[in-house]
Amino acid sequence: MSKTTVAVLFGGCSSEHEVSRVSAASVIQNIPKDKYDVVMVGITKEGRWLLFSGDAAELPDGSWEKHPKNRIALISPDRTHRGILAQTESGFEVIPVDVVFPVLHGKNGEDGTIQGLLQLAGIPFVGCSALACAVCMDKAITNSLLETAGIAQAHYLWFFMDNYRTGAEKIKIKIEARLGYPVFVKPANSGSSVGVSKVTRAEDLDAAIQKAAREDTKIVVEEAIDGQEVECAVLGLSRPDASIVGEIASGADFYDYEDKYNKSSEAKLYIPARIPEQTAEEIRKTAMRAYRMLGCSGLARVDFFVRNSDGAVLLNELNTLPGFTSISMYPKLWEASGLSYPELLDRLIQLAFDKIYF
Numbered sequence: 008m009s010k011t012t013v014a015v016l017f018g019g020c021s022s023e024h025e026v027s028r029v030s031a032a033s034v035i036q037n038i039p040k041d042k043y044d045v046v047m048v049g050i051t052k053e054g055r056w057l058l059f060s061g062d063a064a065e066l067p068d069g070s071w072e073k074h075p076k077n078r079i080a081l082i083s084p085d086r087t088h089r090g091i092l093a094q095t096e097s098g099f100e101v102i103p104v105d106v107v108f109p110v111l112h113g114k115n116g117e118d119g120t121i122q123g124l125l126q127l128a129g130i131p132f133v134g135c136s137a138l139a140c141a142v143c144m145d146k147a148i149t150n151s152l153l154e155t156a157g158i159a160q161a162h163y164l165w166f167f168m169d170n171y172r173t174g175a176e177k178i179k180i181k182i183e184a185r186l187g188y189p190v191f192v193k194p195a196n197s198g199s200s201v202g203v204s205k206v207t208r209a210e211d212l213d214a215a216i217q218k219a220a221r222e223d224t225k226i227v228v229e230e231a232i233d234g235q236e237v238e239c240a241v242l243g244l245s246r247p248d249a250s251i252v253g254e255i256a257s258g259a260d261f262y263d264y265e266d267k268y269n270k271s272s273e274a275k276l277y278i279p280a281r282i283p284e285q286t287a288e289e290i291r292k293t294a295m296r297a298y299r300m301l302g303c304s305g306l307a308r309v310d311f312f313v314r315n316s317d318g319a320v321l322l323n324e325l326n327t328l329p330g331f332t333s334i335s336m337y338p339k340l341w342e343a344s345g346l347s348y349p350e351l352l353d354r355l356i357q358l359a360f361d362k363i364y365f
C-alpha cells in the first residue's frame, strides 16, 4: 500500500517562529512512518520558503536554514498542481502532496492566511478553515461572538490604537469603571501570550498598551480573574470529542511565553486538573459548544478559568494550532485521554481528508 505524502510547514513570519520549529520537529519525529512520507517546507522569518531535506533535529535551533541542499519551494495555488513548486536547475518541478500539516503558530500561520492559500490550492490540510482561524485569532471578535452566544468569560473591552492616541483618557476611565484593576492588556491578534501584560495600576497602562501595539493595532483589555487556569483539547469535525481537563499552575505572574515553551519553566501541569468532576464536565461541554459555534474543525485547545470565589467557569480563548512541543498541553491531554502522540497525529491527518472543501 502506498504511503500518504504529508507536507509539514514550519517557521513563518511570526513572533512565534522559534516555537513553530520546535513543534514541527516533534510532529515530524512522531508521525507514523509506516503510513506517511514527510516533505518539509520551512518559512524563514523574512518570509522565504525553502524545501528542507535534512534531519528534523536541525529545526529547533534554526540550523536547518543553512542546509546546502535547501531550494526555493512554495505551495502552488493552482489546483491542477495540488502540491509544491520546487526550484530546479532548469526551472521548477511539481512535488505532489496529499495533505498539508501547517505547524505554524501565531500571525501568518494560525490566523487564516496559510489556510486561505491551501483552500485556494484545493489541498486538504490539518486544522481549522481560514474563517475559523481568523475568528479565533482575533480576541475582540472571539469575545464578542462568545458573549452573543451566552458563553461566560471575563469582562473586557477593546479599542483601536488610533483611538487611544487621540482619546486615551476616555479609554482609561472606561477601563477603571468597567474592569477595575488588575487587568490584562493584550494585542487582539497574537498568540503564546506575546505582547501581553498584567497591569495592577493605572500608571502602568500606557506602557502595557504600547507593548501590545507592537503586535497589533487592535487592543483588548480584560479583567484579571483570580482562579485556576485550565485547558481542554478538542478534536473532530461537527461532532468533536473533548479530552480530559488539565490545569496549569504558572511559575510566573501569569502563564507567559517562557512558561509555555521553556523546559526549565517553574510552571506545573496537573492532568487531570484539580477541580470537581462536575466542573470538568461543564468545561468539556462548553469547549465543544464554543468549538462548533466558531466553526472549528480538526483541532483546537480551549482555555478556561475556574474562578476561586464561586467556582464559575469562564472561557478565556481558543487556539486553533496549539503548541505541539514535547511539553505542550494539547498532545499531553490526549495522551492522558488514551490517545498516544503518533495516534493523535494520524487522527488529525485523517480528519483533514474528511472535511468538505469547495
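Residue numbers for the sequence shown, in my numbering: 8 to 365. Built from N, CA and C at the ideal position, the CB exists for glycine as well. Predicted model only: the values in this text are computed from it and were never measured.
>> Within a Cβ cutoff of 6 Å, which residues of the same chain sit near D233, ignoring the five residues on either side of it in sequence?
In response: So the qualifying residues of the chain are N315.
> On the three-state DSSP scale, how would you describe R308?
Replying inline: In the structure shown, R308 falls within a strand segment according to DSSP collapsed to helix, strand and coil.
> Where E236 and A137 are concerned, what is the direct C-alpha to C-alpha distance, given to the nearest angstrom?
Replying inline: Distance from the CA atom of E236 to the CA atom of A137, rounded to whole angstroms, is 28 Å.
> Quick one: what's V104 bridged to in DSSP?
Replying inline: DSSP, once it has assigned bridges, lists no residue as partnering V104.
>> In chain order, what are the residue ranges of uninterrupted alpha helix (DSSP H) at least 4 long that sit wholly in the segment 110-186?
In response: List check, alpha helix (DSSP H) in window: 120-128, 137-144, 146-155, 168-185.
> Per DSSP, what kind of secondary structure is A195 in: helix, strand or coil?
Replying inline: Here A195 sits in coil by DSSP.
> Alpha carbon to alpha carbon, what distance is there between E230 and E238?
Replying inline: So the two alpha carbons sit approximately 19 Å from each other.
> What three-state label does DSSP hand Y298 in the structure shown?
Replying inline: Judged by DSSP in its simplified three-state form, Y298 adopts helix.
> Does the beta-carbon distance from I79 to V107 come in below 8 Å?
Replying inline: At the C-beta level, I79 and V107 stay beyond 8 Å of one another.
> Does DSSP classify K267 as helix, strand or coil?
Replying inline: Annotation note: pLDDT 49 at K267 (below 50); position unreliable, no value reported.
>> I'd like to check one pair, I50 with L92: are the Cβ atoms closer than 8 Å?
In response: Their beta carbons are not under 8 Å apart, which means L92 does not touch I50 by this criterion.
> DSSP three-state call for K218: helix, strand or coil?
Replying inline: In the three-state DSSP reduction, K218 falls in the helix class (H, G or I).
> Buried or exposed: which applies to F191, given that a residue is buried once 16 or more other Cβ atoms fall within 10 Å of its Cβ?
Replying inline: By the neighbour-count rule (16 or more Cβ atoms within 10 Å), F191 is buried.
> Ends of the beta strand (DSSP E) at R204?
Replying inline: The amino acid occupying residue 204 in the given sequence is Ser; Arg does not appear at that position. Residues 204-206.
>> Mapping the DSSP letters down to three states, classify T293 as helix, strand or coil.
In response: In this structure, T293 counts as helix in the three-state DSSP scheme.
> Between G187 and A240, what straight-line distance do the alpha-carbon atoms span, to the nearest angstrom?
Replying inline: Note on geometry: alpha-carbon atoms of G187 and A240 lie some 31 Å from one another.
>> Along the chain, where does the alpha helix (DSSP H) containing A359 start, and where does it finish?
In response: 348-361 is the extent of the alpha helix (DSSP H) around A359.
>> Just to check my reading of the structure: Y364 and Q126 have Cβ atoms closer than 8 Å, yes? What is that Cβ distance to the nearest angstrom?
In response: Indeed, because the Cβ distance is near 7 Å, the residues count as touching under 8 Å.
> Mind checking whether E23 and V142 have CB atoms under 8 Å apart?
Replying inline: Their beta carbons are not under 8 Å apart, which means E23 does not touch V142 by this criterion.
> In whole angstroms, what separates the C-alpha of Y268 from that of L57?
Replying inline: Legend: pLDDT at Y268 = 49, less than 50; position of this residue unreliable, value from coordinates given subsequently. Looking at the backbone, the Cα of Y268 and that of L57 are separated by about 25 Å.
>> Just list the residues that DSSP pairs N326 with in beta bridges.
In response: Under DSSP, N326 takes part in a beta bridge, and its partners are R308.
> Quick one: Cα of L351 to Cα of P189, how far?
Replying inline: Between L351 and P189, the C-alpha separation is close to 39 Å.
> Using a Cβ-Cβ cut-off of 6 Å (strictly less than) and excluding sequence neighbours within five positions of K76, which residues of its own chain qualify?
Replying inline: Closer than 6 Å at Cβ, skipping near neighbours: S60.
> Which residues in the same chain have their Cβ closer than 6 Å to the Cβ of G174, if we skip the five residues on either side of it in sequence?
Replying inline: Non-local beta-carbon contacts of G174 in its own chain, meaning distances under 6 Å to residues more than five positions away in sequence, are absent.
>> Whole angstroms are fine: how far does the CA of P349 sit from the CA of P39?
In response: Between the alpha carbons of P39 and P349 lies a distance of about 6 Å.
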